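Engineer: If you use mature numbering (1 follows the signal peptide of the UniProt record, and there is no 0), the sequence shown corresponds to residues -17 to -1, 1 to 466, in order.
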Amino acid sequence: MVFYRCVYFIFFLTVSAKFVWKHHNNDELPLVLEEVHEKCPNITRIYALSEPSVQNVPLYVIEFTEMPGFHQPYKPEVKYIGNIHGNEVLGRELLLGLADYLCEQYLNNDPNIRALIHKTRIHLLPSMNPDGWQLSTSFGGQDYLIGRGNNHSVDLNRNFPDLDAITFEYERLGINHNNHLLKDVTRLAAPLEPETRAVMRWIMSIPFVLSAAMHGGDLVANYPYDESKSGALASEYSASPDDDTFRELAMTYATAHADMASASRPGCHINSHDDTASYNFGKQGGVTNGAAWYSLKGGMQDFNYLATNAFEITLELGCKKYPLENELENEWHRNREALLAYLWKAHIGIKGIVSDDTGFLENAIISIVNITGPNPKPIRHDVTTGTYGDYYRLLTPGRYEVTASHVGHYPAQRIVTVPQRQSAARILNFKLEPIRYADGALFFDPPFVRYPHFIGEQPRIYKRSLYEKVTNSILESKETPKE
Ligand SMILES: [Zn+2]
């Protein structure tokens, strides 16, 4: 009893403390989140992902929104993930600082922060790899590789199913099937690590729209694809269908950062003998296409885009992977506006609800053609509606033809102009008419058929129950499937 009282007392002392810029260890990390929650109980919720790290450390998330714990239609969901490589630690501390800042500014009636939290559901995962952090820290934090992987020495940013290979193959074959590709995975290159599985379940279960993962070792905002199409190891631009939008997302972070986009700052690795490693990304606006830098398979960024509706970029936050403690507060000031500007990008483009006379239509497909220029250009990456029939389609300024389709309904089309500066997505709702036969009978939804039936057919979204079954069967498989 005395023990518990003592623990409670220490806990109370800790939670009543002001946020301090330091390297928070794996026991202190949840206490910081708890402190924020105590200060802002109505707009925050703390939860852990479905499974802990190899060393049994929970992967804690803090959520900010009005009505935490619930998805609400028209409210986009955003996430930041820090410390996926255990020895790249700045993102971890920036996310703890951001959590404290969002709460404090909300309490201080900062109109920008109040509007952001009112309109958005924000999830912060400060550490995806607490075991790697512990290992790296035990070795002094300055080794370039120690602690990069998880406790099985697996690089978590190479451990996701390689959906790029699938989308590139479909592209080559002219098959117009370009989203929610997890069910097309037939084999995994390696078993999934617990941290990977936990994050996969997370990103498949919440309808995220926008995301960024934080790394260190360079200073640049990196966008899809990370994997080259030819197999080239480096220097091959690998454009996704949403290249314009991804460039704008990455530029938003880079230009709002203190000097990520500065052409005159020094590059990283200036002592390296490798000239390409010392390149200053500021000369190209502080952004890079992933494969144009170097190609990687099994990354989290491309997995988000190809398995879900989420758009994720990768932030390299500085030359030092493990900055000194006394550098952290200055890094916060250098990143703060960029962190906030990026969260607002969940509100670009269009959003809306697809319904029919009977209610919301889940798994409806939103397809886009860019009609800004003289030649219409389809964006071959559809997004789908969630439980409330709601969709979010990030787009750059321009004119678009938007088609909503759903099995058993006539598709509907509308034209929309996305303006230059947006603090709210344009709302574009669709009410679809069910297909009726001449005798008045309703079209009956066909059973699920594995797509594609033949080349050129419109993509089809899968029955959610089956989709989840496939996801779970992949997640449950601990063994590497045989060729
Ligand atoms: Zn990294």
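Built from N, CA and C at the ideal position, the CB exists for glycine as well. Note that the structure is a prediction, hence the values are computed from the model and not measured.
1. Does DSSP put Gln396 in a helix, a strand or coil?
2. Got a sec, what are the start and stop residues for the alpha helix (DSSP H) Asp227 sits in?
3. Are the beta-carbon atoms of Asp145 and Gly250 separated by less than 8 Å?
4. Keeping to the same chain, check which residues put their C-beta closer than 6 Å to that of His436; ignore five residues upstream and five downstream.
5. Residues in its own chain within less than 6 Å of Tyr30 by CB, not counting five upstream and five downstream?
6. Nearest CA to the CA of Asp83: which residue from Asn272, Ile67, Cys23?
7. For the beta strand (DSSP E) that contains His101, what are its first and last residues?
8. If the criterion is Cβ atoms closer than 8 Å, does the pair Leu73 and Leu300 meet it?
9. At the level of alpha carbons, what is the spacing between Ala237 and Asp422?
10. Identify whether Tyr277 lies in helix, strand or coil by the three-state DSSP scheme.
11. Please state whether the Cβ-Cβ distance between Val352 and Ala387 is less than 8 Å.
12. Would you mind sorting Gln396 into buried or exposed? The rule is 16 or more other CB atoms within 10 Å of its CB.
13. From the DSSP output, which residues share a beta bridge with Phe343?
14. Spell out the partners DSSP gives residue 472 in its beta bridges.
15. Taking the straight line between their C-alpha atoms, what separation do you get for Gly342 and Ser36?
16. Could you spell out where the beta strand (DSSP E) holding Asn272 opens and where it closes?
17. Looking at ligand 1, does it come within less than 7 Å of His316, judged from the CB to the closest heavy atom?
18. Just to check, is the beta-carbon of Gly200 closer than 7 Å to a non-hydrogen atom of ligand 1?
19. When you compare only the Cα positions, how much space is there between Met187 and Ala290?
20. By Cβ distance below 7 Å, which residues in the same chain neighbour Asp285 in space, the five residues on each side in sequence not counted?
21. Could you check what DSSP says for His364 in three-state terms: helix, strand or coil?
22. Determine whether the beta carbon atoms of Ala274 and Ser223 lie at a separation below 8 Å.
23. Using the beta-carbon count (16 or more within 10 Å), is Phe229 buried or exposed?
24. Between Val192 and the rest of its own chain, which residues show a CB-CB distance below 8 Å, the 5 nearest in sequence each way excluded?
25. Which residue from Leu322, Ile398, Glu416, Lys334 puts its Cα closest to that of Leu107?
26. Looking at the unbroken alpha helix (DSSP H) that takes in Lys22, where does it start and where does it end?
27. Any heavy atom of ligand 1 closer than 7 Å to the beta-carbon of His68?
28. Select from Thr367, Gly52, Val401 the residue whose C-alpha is nearest the C-alpha of Ile348.
29. If distances are taken between C-alpha atoms only, which option among Asn92, Gly265, Glu76, Asn133 comes closest to Pro109?
30. Return the CA-CA distance between Leu99 and Trp4, expressed in angstroms with no decimal places.
31. Quick check on the burial criterion: 16 or more other C-beta atoms within 10 angstroms. Buried or exposed for Leu90?
32. Have a look at Ser255 and Asn112 and give me their C-alpha separation to the nearest angstrom.
33. Provide the residue span of the alpha helix (DSSP H) that contains Tyr89, from first to last.
34. Anyone know if the C-beta pair for Ser278 and Leu216 falls short of 8 Å?
35. Return yes when at least one heavy atom of ligand 1 lies under 7 Å from the C-beta of Glu210, else no.
36. Find out if the Cβ-Cβ distance for the pair Asn133, Glu178 is shorter than 8 Å.
Structural biologist: A quick look at the data gives this:
1. Within the sequence shown, the letter at position 413 stands for residue 396. Three-state DSSP puts Gln396 in a strand.
2. On the sequence shown, position 244 is the one that residue 227 refers to. For Asp227, the enclosing alpha helix (DSSP H) has its first and last residue at 226 to 239.
3. One-based indexing of the sequence shown puts residue 145 at position 162. One-based indexing of the sequence shown puts residue 250 at position 267. Taking 8 Å as the Cβ cut-off, Asp145 and Gly250 do not qualify as a contacting pair.
4. Along the sequence shown, read from residue 1 onward, the residue named residue 436 stands at position 453. Its pLDDT being 34, under 50, His436 is placed unreliably by the model, and the measurement read from it follows with that caveat. Taken in chain order, the list of residues that qualify is empty.
5. Looking up residue 30 in the sequence shown gives position 47. Excluding sequence neighbours, Tyr30 sits near Val44.
6. As a position in the sequence shown, residue 83 is number 100, starting the count at 1. Closest option to Asp83, Cα to Cα, is Cys23.
7. The count along the sequence shown starts at 1 and reaches residue 101 at position 118. Counting along the chain, His101 falls outside any beta strand (DSSP E), though it belongs to the alpha helix (DSSP H) covering 94 to 102.
8. Indexing the sequence shown from 1 puts residue 73 at position 90. Indexing the sequence shown from 1 puts residue 300 at position 317. Taking 8 Å as the Cβ cut-off, Leu73 and Leu300 qualify as a contacting pair.
9. Position 254 of the sequence shown, counted from the start, is the residue given in the question as residue 237. Position 439 of the sequence shown, counted from the start, is the residue given in the question as residue 422. Straight-line Cα distance between these residues: approximately 59 Å.
10. As a first step, residue 277 must be located in the sequence shown, where it is residue number 294. Here Tyr277 sits in strand by DSSP.
11. As a first step, residue 352 is located in the sequence shown; it is residue number 369 there, counting from the start. As a first step, residue 387 is located in the sequence shown; it is residue number 404 there, counting from the start. Contact flag unset, no.
12. Here residue 396 refers to the residue found at position 413 when the sequence shown is read from its first residue. Classification for Gln396: exposed.
13. Counted from its first residue, the sequence shown places residue 343 at position 360. DSSP lists Ser338 as partners of Phe343.
14. The structure shown does not extend to residue 472, since the chain is modelled only from -17 to 466, so the question has no answer here.
15. As a working mapping, residue 342 is identified with position 359 in the sequence shown. As a working mapping, residue 36 is identified with position 53 in the sequence shown. Those two C-alpha atoms are separated by around 41 Å.
16. Reading the sequence shown from its first residue, position 289 is the one you call residue 272. Run containing Asn272: 270 to 272, per the beta strand (DSSP E) assignment.
17. Counted from its first residue, the sequence shown places residue 316 at position 333. No, Cβ of His316 sits at least 7 Å from all heavy atoms of ligand 1.
18. Working through the sequence shown from its first residue, we reach residue 200 at position 217. In this structure, ligand 1 has a non-hydrogen atom nearer than 7 Å to the beta-carbon of Gly200.
19. In the sequence shown, residue 187 corresponds to position 204, counting from 1. In the sequence shown, residue 290 corresponds to position 307, counting from 1. Near 8 Å, if we compare the C-alpha coordinates of Ala290 and Met187.
20. On the sequence shown, residue 285 is found 302 positions in, with the first residue counted as 1. Once the five neighbours on either side are set aside, the close Cβ partners of Asp285 are Leu146, Asp147, Pro207, Tyr208, Asp209, Glu210.
21. The count along the sequence shown starts at 1 and reaches residue 364 at position 381. Three-state DSSP puts His364 in a strand.
22. Numbered from its first residue, the sequence shown carries residue 274 at position 291. Numbered from its first residue, the sequence shown carries residue 223 at position 240. Contact: no.
23. Along the sequence shown, read from residue 1 onward, the residue named residue 229 stands at position 246. Under this definition Phe229 is a buried residue.
24. Locating residue 192 in the sequence shown gives position 209, where the first residue counts as 1. Pro59, Glu60, Val61, Asn292, Ala293, Phe294, Ala329, Tyr375, Leu377, listed in sequence order.
25. The count along the sequence shown starts at 1 and reaches residue 107 at position 124. Cα-wise, what sits closest to Leu107 is Leu322.
26. Sequence index remark: in the sequence shown, residue 22 carries index 39 (1-based). Looking at the DSSP string, the run of the alpha helix (DSSP H) that includes Lys22 is 11 to 22.
27. Here the question's residue 68 lines up with position 85 in the sequence shown. Within the cutoff, so yes.
28. As a working note, residue 348 is residue 365 in the sequence shown. Comparing C-alpha distances from Ile348 to each of Thr367, Gly52, Val401 shows the shortest one belongs to Thr367.
29. Within the sequence shown, numbered from 1, the residue matching residue 109 stands at position 126. The candidate whose alpha carbon is nearest that of Pro109 is Glu76.
30. Taking the sequence shown and counting its residues from 1, one reaches residue 99 at position 116. Taking the sequence shown and counting its residues from 1, one reaches residue 4 at position 21. Those two C-alpha atoms are separated by around 24 Å.
31. Residue mapping note: residue 90 aligns to position 107 of the sequence shown, counting from 1. By the neighbour-count rule (16 or more Cβ atoms within 10 Å), Leu90 is not buried but exposed.
32. The residue given as residue 255 occupies position 272 in the sequence shown. The residue given as residue 112 occupies position 129 in the sequence shown. Annotation note: pLDDT 47 at Ser255 (below 50); position unreliable, coordinate value reported separately. Roughly 27 Å between the two C-alpha positions.
33. As a working note, residue 89 is residue 106 in the sequence shown. From DSSP, the alpha helix (DSSP H) with Tyr89 extends over 73 to 90.
34. Looking up residue 278 in the sequence shown gives position 295. Looking up residue 216 in the sequence shown gives position 233. Yes, the Cβ-Cβ distance between Ser278 and Leu216 is below 8 Å.
35. As a position in the sequence shown, residue 210 is number 227, starting the count at 1. Glu210 Cβ: outside cutoff for every heavy atom of ligand 1.
36. The sequence position of residue 133 within the sequence shown is 150, counting from 1. The sequence position of residue 178 within the sequence shown is 195, counting from 1. Cβ distance < 8 Å, so Asn133 and Glu178 count as in contact.
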